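This report concerns only the one structure given below.
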Amino acid sequence: MLLYAFAAVLAAAGETEYQWPLELPRALTSSFAEYRAGRFHMGIDLRTGPIGQPVHAADEGFVERVRCSPYGYGKAVYLRLRDGNSVVYGHLDDYNDELRAFVRAEQHHQESYTVDVTPAAGQFPVTRGQLIAFSGQTGIGVPHLHYEIRNAAGEPINPRLIGVTWPDSTPPLIRKIAVAPASPNATVDGDYLPVVLDVARQPDGSFRTRPIRANGPIVFSVDVVDPANNGDSRLGIHTLAAEFGGIEIFSIVHDRVSYDHGQDGGVAYHPYLLDEGRFLTLFRWPGNRTYIYSASKGGGHWSAQSGEVHVNATDFWDNAVSVVVPIEAAEIAPPPAPSSQNSTGQSDIDCFADWLVISARFSAAEETPPTVVLSGDENGPLPMNRVDAKTFRLAYAPAAGARRVVIDVEHPRIASNPREFFITHRGDSEASAELRGLQVRVSPDSPYGTLFVRVYNKDEAAGPGLKRIGDVYAAWPSAAPIDAPVELSFPFPAGAKNESRVAAYRRSGSAWSWAGGERRGDRLVVQTGSLGAYALHEDTAPPVITVESPNEGPASKGPRPRIRARIADEGSGVADFKITCNGEWLLAEYDPEQGILEWERDTDLPTGVSSLVFYVSDRSGNTSERTLSFVRNAPGSPSDDAD
Numbered sequence: 041m042l043l044y045a046f047a048a049v050l051a052a053a054g055e056t057e058y059q060w061p062l063e064l065p066r067a068l069t070s071s072f073a074e075y076r077a078g079r080f081h082m083g084i085d086l087r088t089g090p091i092g093q094p095v096h097a098a099d100e101g102f103v104e105r106v107r108c109s110p111y112g113y114g115k116a117v118y119l120r121l122r123d124g125n126s127v128v129y130g131h132l133d134d135y136n137d138e139l140r141a142f143v144r145a146e147q148h149h150q151e152s153y154t155v156d157v158t159p160a161a162g163q164f165p166v167t168r169g170q171l172i173a174f175s176g177q178t179g180i181g182v183p184h185l186h187y188e189i190r191n192a193a194g195e196p197i198n199p200r201l202i203g204v205t206w207p208d209s210t211p212p213l214i215r216k217i218a219v220a221p222a223s224p225n226a227t228v229d230g231d232y233l234p235v236v237l238d239v240a241r242q243p244d245g246s247f248r249t250r251p252i253r254a255n256g257p258i259v260f261s262v263d264v265v266d267p268a269n270n271g272d273s274r275l276g277i278h279t280l281a282a283e284f285g286g287i288e289i290f291s292i293v294h295d296r297v298s299y300d301h302g303q304d305g306g307v308a309y310h311p312y313l314l315d316e317g318r319f320l321t322l323f324r325w326p327g328n329r330t331y332i333y334s335a336s337k338g339g340g341h342w343s344a345q346s347g348e349v350h351v352n353a354t355d356f357w358d359n360a361v362s363v364v365v366p367i368e369a370a371e372i373a374p375p376p377a378p379s380s381q382n383s384t385g386q387s388d389i390d391c392f393a394d395w396l397v398i399s400a401r402f403s404a405a406e407e408t409p410p411t412v413v414l415s416g417d418e419n420g421p422l423p424m425n426r427v428d429a430k431t432f433r434l435a436y437a438p439a440a441g442a443r444r445v446v447i448d449v450e451h452p453r454i455a456s457n458p459r460e461f462f463i464t465h466r467g468d469s470e471a472s473a474e475l476r477g478l479q480v481r482v483s484p485d486s487p488y489g490t491l492f493v494r495v496y497n498k499d500e501a502a503g504p505g506l507k508r509i510g511d512v513y514a515a516w517p518s519a520a521p522i523d524a525p526v527e528l529s530f531p532f533p534a535g536a537k538n539e540s541r542v543a544a545y546r547r548s549g550s551a552w553s554w555a556g557g558e559r560r561g562d563r564l565v566v567q568t569g570s571l572g573a574y575a576l577h578e579d580t581a582p583p584v585i586t587v588e589s590p591n592e593g594p595a596s597k598g599p600r601p602r603i604r605a606r607i608a609d610e611g612s613g614v615a616d617f618k619i620t621c622n623g624e625w626l627l628a629e630y631d632p633e634q635g636i637l638e639w640e641r642d643t644d645l646p647t648g649v650s651s652l653v654f655y656v657s658d659r660s661g662n663t664s665e666r667t668l669s670f671v672r673n674a675p676g677s678p679s680d681d682a683d
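Quick note on our numbering: the sequence shown kicks off at 41 and runs consecutively.
Dropping the structure here:
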């Protein structure tokens, strides 16, 4: 039914294919709505090879927007077409002559490289196939063309719906399937944790996983890609479905997304399994409103039955693959209690959904089950369930109204380790709590389902160019999906040399990333969509400017010499940049990935001695300047040569 509906829409809307934007073989390096960190890819990416490839208009229309920025889509052109759709061309190296003159005039007017301008509707009409720009790599990534089609409501849509074509004869590849309990009382293979299954090709060419045993409702997530370009690219897929006995359990279709719900990509791919792979959730996470998940009425929670579940994936050209997951619906009896062997134990807590999984692990077989002691929840204490001879677990869902709960595992051979959690649910009224000095405020739309926040202090060294001020606050779990931002409020400690240069930073891998913040009395407040390790730092180092061209001194220069510098900032990051010649602003492009600031050479410089100034500031207000002088001889002189 889904494939039939797709074909019907294609037949109705795609009789006349849009003009392909490049004079190159049609090759995709990224597909529509595929994975991006916490979001969806809103278009398709086209392979361009070297920069400077001509880019052509999809159809008759007009230029409705032009942007230029060091970040995001870089240099981009937006066309409004005669059918009401719009097309976005991103990461361009340059515009056509008309648009280049228009953008540069606005850049000089604003004295800013970054501009976002909306021409009048008839100012720049375009015809089908007209040259509008040249491909590049501005913004982010290697050279490619971002090609995005939006409907009249401004929502990105699958380009196949309007007849855009490209070759694809390779079926998707389902790499792994995760099966997880869908309630605190359900189990998979007798445990409360998700189970990740490898997919094996059978002698007859079919694909299967190993059998599992499940009790209660379960959900599926799928690590799936669509190989392309002889295996050089890993694209996303069009449809994904699970069925049992010919009846659909749940399905998703990648035909339309919305910038209003773009952050729902954070729960379209299982946020707690990213260390295992990119698992597309084949169920609706609470709070997920994206259109991709509107194909099925149910939520994807399936009461396990004995038999075979078929997980089916198709790409945008209906190449298909299917994997069989054998299921035995059975409640596994807990293993018999062994005799204790003088074991030592420890406890830990994980989060994979709207409840916590509390584990107790022992060094040897343990006879006595631990008990979970709860403070702030009327349901405690709770006995833990044996998983094997050394392991006990409990899936804990808080009682209604429980907001601040302290959890500890009680056992003679486990040291007490009480952990406090601040618990909120989607739709609750705004709530706040102070945890170890960090104040956390959660709005009604912040959680996807239930949000558990635990805060503890840890020791982390400051990054290059930074001085840590105060404690490191680890807000757990760092993978928790967040819709509307939460507010973190840090005590503002003494010890900063310049308080205006203090900001919050989030630990990202081995580095600290600037998170900003607003000073409110004796605290610094940050709005964020990510938990994790945070600390206040003072940015003590100004940006570094290394001029590469021109050389300083009396050597003559041509009318448009190459003016280029490398700029870097180890602390908060580059915020602003500028080059002037004799006090006049020069249009300079900044490439943040290469750290290069370079003049666009869009006008002749004056003759004689000129003073060139490079200026860079960071997010904390540190500034650097580099001044040099050079001589440009009068036009026509023997030494009037261009660099």
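All C-beta atoms in this analysis are idealised placements derived from N, C-alpha and C, irrespective of residue type, glycine included.
Keep in mind it's a predicted model, so treat the numbers as computed, not measured.
Around the beta carbon of Gln303, a 10 Å sphere encloses 16 or more other beta carbons of the protein chains shown; the residue is thus reported as buried. The region 292–301 makes contact with the region 193–200, as at least three CB pairs between them are under 8 angstroms. Per DSSP, the beta-bridge partners of His186 are Asp85, Gly130. Residues of the same chain with a CB within less than 6 angstroms of the CB of Pro110, apart from the 5 flanking positions on each side, are Tyr630, Pro632 in chain order. In the three-state DSSP reduction, Glu283 falls in the strand class (E or B). Contact holds between the region 515–527 and the region 568–576, because three or more Cβ pairs, one in each stretch, are under 8 angstroms apart.
The C-alpha of Asp355 lies about 36 angstroms from the C-alpha of Leu396. Between Gly203 and Glu57, the CB-CB gap stays under 8 angstroms.
Excluding five sequence positions before and after His81, the CB atoms of its chain that fall closer than 8 angstroms to its own CB belong to Ser70, Ser71, Phe72, Ala73, Glu74, Tyr75, Gly276, given in chain order. The alpha-carbon separation between Ala97 and Asp609 amounts to approximately 39 angstroms.
For the pair of segments examined, the region 223–233 was found to touch the region 435–452: the number of CB pairs separated by less than 8 angstroms reaches three.
Taking C-beta atoms as the reference points, Pro267 and Leu171 fail to come closer than 8 angstroms. Of the candidates Phe392, Tyr496, Arg444, Asn622, Phe392 places its Cα closest to the Cα of Ala519. Annotation for Arg508: Ala502, Ala575, His577 place their beta carbon closer than 6 angstroms to its own, counting only its chain and skipping 5 residues before and after.
The C-beta separation of Thr620 from Leu627 comes to about 11 angstroms, leaving the pair out of contact by the 8 angstroms criterion. For Phe80, the three-state secondary structure derived from DSSP is strand. Distance between Gly271 and Arg87, taken at the CA atoms: about 14 angstroms.
Two segments are said to touch when three or more pairs of C-beta atoms, one from each, lie closer than 8 angstroms; by this definition the region 557–566 touches the region 525–534. Residue range 663–672 is occupied by the beta strand (DSSP E) that includes Arg672. The Cβ atoms of Glu348 and Ser383 do not sit closer than 8 angstroms to each other. By alpha-carbon distance to Tyr331, the top candidate from Gly635, Asn359, Ala308 is Ala308. Sequence-distant Cβ neighbours of Val363 in its own chain, meaning closer than 7 angstroms and more than five residues away, are Ile214, Ile217, Val239, Phe247, Arg248, Thr249, Val351.
In this structure, Glu460 lies near Arg444, with their beta-carbon atoms less than 8 angstroms apart.
His148 sits in a helix when the DSSP states are folded into three classes. At least 8 angstroms separates the beta-carbon of Phe290 from that of Gly327.
Checking the DSSP bridge columns, you'll see Phe461 partnered with Val445. The beta carbons of Pro599 and Leu637 sit no closer together than 8 angstroms. Counting along the chain, Ala544 sits inside the beta strand (DSSP E) bounded by residues 542–548. With 16 or more other Cβ atoms inside 10 Å of its own Cβ, His184 counts as buried. Per DSSP, the unbroken alpha helix (DSSP H) holding Ala308 starts and ends at 305–308. With 16 or more other Cβ atoms from the protein chains shown falling within 10 Å of its own Cβ, Leu139 counts as buried. Within the same chain, Cβ atoms closer than 6 angstroms to the Cβ of Trp325 are found at Val307, Tyr488, the five residues on either side in sequence being excluded.
Here the region 370–381 does not lie against the region 465–481, with fewer than 3 beta-carbon pairs under 8 angstroms apart. Exclusion of the five residues before and after Arg641 leaves Arg600 as the residues of its chain whose Cβ lies within less than 7 angstroms of its Cβ. DSSP places Pro94 inside the beta strand (DSSP E), whose first and last residues are 94–96.
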